[in-house]
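S.K.: Pasting a structure here, questions to come.
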Amino acid sequence: MDIITRRYLLRSPLFRCLILVLLIAFTTLFYLRQYSPQVFYGNTSREVFLTKEWIDPRKDKSLYQNITRVNAVIVVLVRNNELYQIRSSMRQFEDRWNKKFNYPYVFLNDEEFTEEFKTFTSSLTKAKTQYGVIPKQMWSYPQWIDQEEAARKRREMESKGIIYGGSESYRHMCRFNSGFFFLHPLLLPFDYYWRLEPSVDFMCDLDYDPFLFMQKNKLLYGFTISLLEFEATIPTLWKTVKKFVKEHPQYVSKDNIMDFISDDGGKTYNLCHFWSNFEIADLNFWRSSPYREFFNYLDKSGGFFYERWGDAPVHSIAVALFTQKSRVHFFNDIAYRHAPYAHCPEEREYHDTGRCHCNPGNNFESSYSQSNSSLCFANEIILDTKLPDRVGLLYPRIVGTHRKSRSWTISAIYEDIPPDNQFCATIIKLKDERKI
Numbered sequence: 000m001d002i003i004t005r006r007y008l009l010r011s012p013l014f015r016c017l018i019l020v021l022l023i024a025f026t027t028l029f030y031l032r033q034y035s036p037q038v039f040y041g042n043t044s045r046e047v048f049l050t051k052e053w054i055d056p057r058k059d060k061s062l063y064q065n066i067t068r069v070n071a072v073i074v075v076l077v078r079n080n081e082l083y084q085i086r087s088s089m090r091q092f093e094d095r096w097n098k099k100f101n102y103p104y105v106f107l108n109d110e111e112f113t114e115e116f117k118t119f120t121s122s123l124t125k126a127k128t129q130y131g132v133i134p135k136q137m138w139s140y141p142q143w144i145d146q147e148e149a150a151r152k153r154r155e156m157e158s159k160g161i162i163y164g165g166s167e168s169y170r171h172m173c174r175f176n177s178g179f180f181f182l183h184p185l186l187l188p189f190d191y192y193w194r195l196e197p198s199v200d201f202m203c204d205l206d207y208d209p210f211l212f213m214q215k216n217k218l219l220y221g222f223t224i225s226l227l228e229f230e231a232t233i234p235t236l237w238k239t240v241k242k243f244v245k246e247h248p249q250y251v252s253k254d255n256i257m258d259f260i261s262d263d264g265g266k267t268y269n270l271c272h273f274w275s276n277f278e279i280a281d282l283n284f285w286r287s288s289p290y291r292e293f294f295n296y297l298d299k300s301g302g303f304f305y306e307r308w309g310d311a312p313v314h315s316i317a318v319a320l321f322t323q324k325s326r327v328h329f330f331n332d333i334a335y336r337h338a339p340y341a342h343c344p345e346e347r348e349y350h351d352t353g354r355c356h357c358n359p360g361n362n363f364e365s366s367y368s369q370s371n372s373s374l375c376f377a378n379e380i381i382l383d384t385k386l387p388d389r390v391g392l393l394y395p396r397i398v399g400t401h402r403k404s405r406s407w408t409i410s411a412i413y414e415d416i417p418p419d420n421q422f423c424a425t426i427i428k429l430k431d432e433r434k435i
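Position 403 (the sequence shown) corresponds to 402 in numbering that gives the first Met the number 0; numbering is contiguous.
Spelled out as structure tokens, the structure:
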């Protein structure tokens, strides 16, 4: 190319426009890299359980006929002051699914339900509703717990900002859901349950019977979301689990799902668990000897009260160890939200037919936020972004900030984050939290 041609190109409006476009593109990419949050999660539930072995309910037309009725129930652990939150959940649950099948409800509380509560919930469904009080022995301290030490541990965890660290009732709830709900007199007649909680959303129509699906395929446990537990709430749980397994190796299934809960063959717990506020499961699995002995062993260790063991990791570890992957089902087609997380099916067919109103782009499991370090999602994420120094003043609930190279690492408890702030809503407590 001669000098005259080069000069002509440099003066050409088209060439100058091309250079300008390239500069804008480079600047935009640089800005996004420097100022946009980079979120790192583990692999999706879709990758772990939505494999070629996954059973597709849509292929079994008998599930849609509403002829065969399974011995199943909707279980709701709720308090009187959560009336309108559970009414919201029930209205969606009925409209999306249960008005077609009319499975009964059992409402449980640690105190008597008010007549207002009974009237305002039973009026939302044509199904049978029952209301029960939890027996005191299922919602109280066992005799081997030092209550003064338990109170001291609660104060200590609360001072560290651990979520629900200071709550006594939360511990009773976790222990009840871990070891007793399936033995409540109102639930003893049933074989399967679907757990329903206040303030949850169902965002897709469901036209088949998941209970019949579970029964026909001999499934034990169904879930929609898996994530990581807060490590500070269960410091000795895995150590206790390993002791139990060593003493009772006969209970561990040969085709277990150890890889779901451990990245090193069982040496450590990777904190993965099924989010148990949504469960469709076989009640007789929890009533079985292996699980009953497992729970009793954990209970005697005191971790539900001296630490803050949740029913989600307890259930998940038991499912992973005592059953097979083929008996665990990922309900991909049930769009479910329990703030701050949601599952929405990504397949176009669910949305093209008008069955769903959720946005798969906001899915907790979106594939653009993957890494290969774990088998489930983290509820602990790192934002690699340059933030102003005044971030602590703007968001005083952020409990820890520290400078790390050219980026900030933020840690905050999700319940304290303003829900109307999209940026803040993604900030979850980090493992390596540091106080300011």
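Beta carbons are placed, not taken as given, at the ideal position from N, Cα and C, and that holds for glycine.
1. With a Cβ-Cβ cutoff of 8 Å, do residue 74 and residue 194 count as a contact?
2. With 16 other CB atoms within 10 Å as the buried threshold, where does residue 225 fall?
3. Return the chain-ordered ranges of every alpha helix (DSSP H) run that is complete within the stretch 325-351 and spans a minimum of 4 residues.
4. Below 8 Å between beta carbons: does that hold for residue 307 and residue 172?
5. Whole angstroms are fine: how far does the CA of residue 102 sit from the CA of residue 125?
6. Residue 200 bridges to which residues according to DSSP?
7. By the DSSP assignment, the alpha helix (DSSP H) with residue 120 in it spans what residues?
8. For residue 380, does the three-state DSSP call read helix, strand or coil?
9. For residue 320, which option in 166, 79, 245, 164 has the closest C-alpha, if you only look at C-alpha atoms?
10. Within the same chain, show all residues whose beta-carbon is closer than 6 Å to that of residue 296, passing over the 5 residues directly before and after it, in chain order.
11. Can you give, in chain order, each stretch of the alpha helix (DSSP H) that sits fully within the stretch 234-306 and has at least 4 residues?
12. Return helix, strand or coil for residue 142, following the three-state DSSP convention.
13. Who are the near neighbours of residue 100 in its chain, counting only those whose CB is closer than 7 Å to its CB and skipping five residues on each side?
14. Using three-state DSSP, classify residue 176 as helix, strand or coil.
15. Please list the terminal residues of the continuous alpha helix (DSSP H) segment that includes residue 214.
16. Which of helix, strand or coil does DSSP assign to residue 354?
17. Hey, would you say residue 70 sits closer than 8 Å to residue 189, going by beta carbons?
18. Pull the bridge partners of residue 108 from the DSSP assignment, please.
19. Express the C-alpha separation of residue 151 and residue 352 in angstroms, rounding to a whole number.
20. What are the boundary residues of the beta strand (DSSP E) that includes residue 227?
21. Three-state secondary structure (DSSP) at residue 163?
22. Along the chain, where does the alpha helix (DSSP H) containing residue 321 start, and where does it finish?
23. Using only the alpha-carbon positions, how far apart do residue 87 and residue 338 sit?
24. Using DSSP bridges, identify the partner residues of residue 220.
25. Cβ atoms of residue 191 and residue 502: under 8 Å apart, would you say?
26. Kindly confirm or deny that the stretch 276-295 and the stretch 156-171 touch, where touching means at least three C-beta pairs closer than 8 Å.
27. If I'm right that residue 255 touches residue 323 with Cβ under 8 Å, what's the distance once you round it to whole angstroms?
28. Excluding sequence positions up to five away, which residues of its chain have a Cβ less than 8 Å from the Cβ of residue 361?
29. Look up residue 194 in the DSSP assignment and say whether it is helix, strand or coil.
30. Take the Cβ of residue 264 as the centre, count every other Cβ of all protein chains shown within 10 Å, and call the residue buried at 16 or more, exposed below.
31. Whose CA, out of 164, 267, 334, 277, lies closest to the CA of residue 240?
M.R.: The relevant details are as follows:
1. Remark: C-beta atoms of residue 74 and residue 194 approach each other more closely than 8 Å.
2. By the neighbour-count rule (16 or more Cβ atoms within 10 Å), residue 225 is buried.
3. Qualifying alpha helix (DSSP H) stretches, in chain order: 347-351.
4. For residue 307 and residue 172, no; Cβs fall outside 8 Å.
5. The straight-line gap from Cα to Cα measures roughly 9 Å.
6. By DSSP's assignment, residue 200 forms a beta bridge with 336.
7. Where residue 120 is concerned, the enclosing alpha helix (DSSP H) stretches over 114-121.
8. Low confidence applies here, because residue 380 scores a pLDDT of 33, under 50, leaving its location unreliable and the question unanswered by this model.
9. Residue 245 holds the alpha-carbon nearest to the alpha-carbon of residue 320 among 166, 79, 245, 164.
10. Around residue 296: 243.
11. The stretch 234-306 is shown to contain whole alpha helix (DSSP H) runs of 4 or more residues at 236-246, 257-260, 282-285, 288-300, 302-305, in chain order.
12. Coil, per DSSP.
13. Residues of the same chain with a CB within less than 7 Å of the CB of residue 100, apart from the 5 flanking positions on each side, are 65, 208 in chain order.
14. The three-state secondary structure of residue 176, taken from DSSP, is helix.
15. Residues 209-215.
16. Looking at residue 354 - three-state DSSP - the assignment turns out to be coil, as it is neither helix nor strand.
17. Result yes, Cβ atoms of residue 70 and residue 189 sit closer than 8 Å.
18. BP columns for residue 108 point to 132.
19. Those two C-alpha atoms are separated by around 55 Å.
20. Start and end: 225-227.
21. Note: residue 163 maps to coil in three-state DSSP.
22. Looking at the DSSP string, the run of the alpha helix (DSSP H) that includes residue 321 is 310-321.
23. Using only the alpha carbons, I get a separation of about 14 Å.
24. Within the DSSP bridge table, the entry for residue 220 names 280, 327 as partners.
25. As shown, the chain starts at 0 and ends at 435. That puts residue 502 outside it, with no answer to give.
26. Contact between the stretch 276-295 and the stretch 156-171 is absent: fewer than three C-beta pairs spanning the two stretches fall below 8 Å.
27. Yes, they are in contact, since the Cβ atoms of residue 255 and residue 323 sit about 7 Å apart, within 8 Å.
28. The beta carbon of residue 361 sits closer than 8 Å to those of 341, 343, all from its chain and outside the five residues before and after it, given in chain order.
29. Residue 194: strand per DSSP, three-state reduction.
30. Exposed, because fewer than 16 other Cβ atoms sit within 10 Å of the Cβ of residue 264.
31. Relative to residue 240, the option among 164, 267, 334, 277 whose CA is nearest is 267.
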